[in-house]
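Last residue of the sequence shown? That's 272 in this note's numbering, and every number before it is there in order. Cβ atoms here follow ideal geometry from the backbone N, Cα and C, with glycine treated the same way. All of these numbers come straight from a predicted model, not from anything done at the bench.
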Amino acid sequence: MNNIISNNKQKLSIYVISIFPDMFKIITNYGIIRKALQKGLVKVNVLNPRKFSSNKYKNIDDRPYGGGPGMIMTAKPLFLAINEAKSFFNTKTIKVFYLSPQGKKLNQKKVIELSQQKYIILLCGRYEGIDERLIQSKVIDEEISIGDYVLSGGELPAMILIDSVCRLIPGVLKNSQTIQEDSFYNGLLDFPHYTRPKIFNQITVPEILLSGNHEKIKRWKLKQSLKKTWIKRPDLLKNLFLTEEQNLLLQKFKNKTKS
14 MNNIISNNKQ
24 KLSIYVISIF
34 PDMFKIITNY
44 GIIRKALQKG
54 LVKVNVLNPR
64 KFSSNKYKNI
74 DDRPYGGGPG
84 MIMTAKPLFL
94 AINEAKSFFN
104 TKTIKVFYLS
114 PQGKKLNQKK
124 VIELSQQKYI
134 ILLCGRYEGI
144 DERLIQSKVI
154 DEEISIGDYV
164 LSGGELPAMI
174 LIDSVCRLIP
184 GVLKNSQTIQ
194 EDSFYNGLLD
204 FPHYTRPKIF
214 NQITVPEILL
224 SGNHEKIKRW
234 KLKQSLKKTW
244 IKRPDLLKNL
254 FLTEEQNLLL
264 QKFKNKTKS
């Protein structure tokens, strides 16, 4: 077990099961996750399931029954690794999430849900996947996918999940308003951002952002957020309940586009 950091102040404990534990040094040594660990708001442990392999080569994969290409991660080492992770947390309320292309797609709603947990176990698959009996026997509580494409393993998806969850833990980011203005936080895409200089490539920053009128700026940001969502991701609007103000601003933009 690689105990990356431990602090009594931690708000979220994450246990990752992976045959490549060193990969997670990348995210724990940089950026937001590093800050979360240093502040003791998050605790991350990584366990290599090869520890539980019963053969001298520490293999945890075997040929699939019925034939076919590739290898399958065997059930027993993963089962024992998950049990050790659960015993480490000493609680029955912990869920095991398997990073899999067959899982439900990760979205901001799920990220918010995970950020409110105290304990999370993430299982990173490799090769052609894991023995299905871990899912059938409910050792795995839920499968999560980061998109409709195939990667070599679950480590990168696990890193993405950890990053997205950590930034929502209170105290990790200095400014909590940053979270509220993120894309997808309220179901919409983020508004455009500008910084110095005022003119770049002959394009000037919108005058409203230089006006100092905070109410008008706030309304402009909302309008731009609705505009971006309607143009780039109209599918998001289908299941989103818009306020009266949002509906009005969106309709004005649509009418302007048609004329």
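Taking a cut-off of 8 Å on C-beta distances, the segment 137-157 touches the segment 100-119, as three or more cross pairs fall below it. Between Lys64 and Ala88, the C-beta spacing is not below 9 Å. Take Ser158, set aside five residues on each side of it, and the residues of its chain with a beta-carbon closer than 8 Å to its own are Leu112, Ser113, Pro114, Gln115, Gly116, Lys117, Lys118, Leu119, Pro170, in chain order. For Pro219 and Lys265, the gap between their C-alpha atoms comes out near 19 Å.
Residue pairing of Asp75 in beta bridges, as defined by DSSP: Ile85. A contact is defined here as three or more CB-CB pairs under 8 Å, and the segment 52-62 meets this definition with respect to the segment 25-33. The alpha-carbon separation between Arg76 and Asn96 amounts to approximately 24 Å. Cβ atoms of Met86 and Ile143 come within 8 Å of each other, at about 4 Å. Membership of Ser128 in the alpha helix (DSSP H) is indicated by the continuous run 121-128. Sequence-distant partners of Glu168 (beyond 5 residues in either direction) whose C-beta falls short of 7 Å from its own C-beta, in its chain, are Ser31, Phe33, Met36, Cys137. When only Cα atoms are considered, Phe101 and Phe254 end up about 42 Å apart. In the three-state reduction of the DSSP assignment, Glu141 falls in the coil class, being assigned neither a helical nor a strand state. With contacts defined by Cβ atoms closer than 9 Å, Gly200 and Glu141 do not form a contacting pair. Here the alpha carbons of Pro247 and Lys71 stand approximately 49 Å from one another. DSSP places Val178 inside the alpha helix (DSSP H), whose first and last residues are 168-179. Around the beta carbon of Arg180, 16 or more other beta carbons sit within 10 angstroms, so the residue counts as buried. The secondary-structure analysis by DSSP pairs Thr217 across a beta bridge with Ile212.
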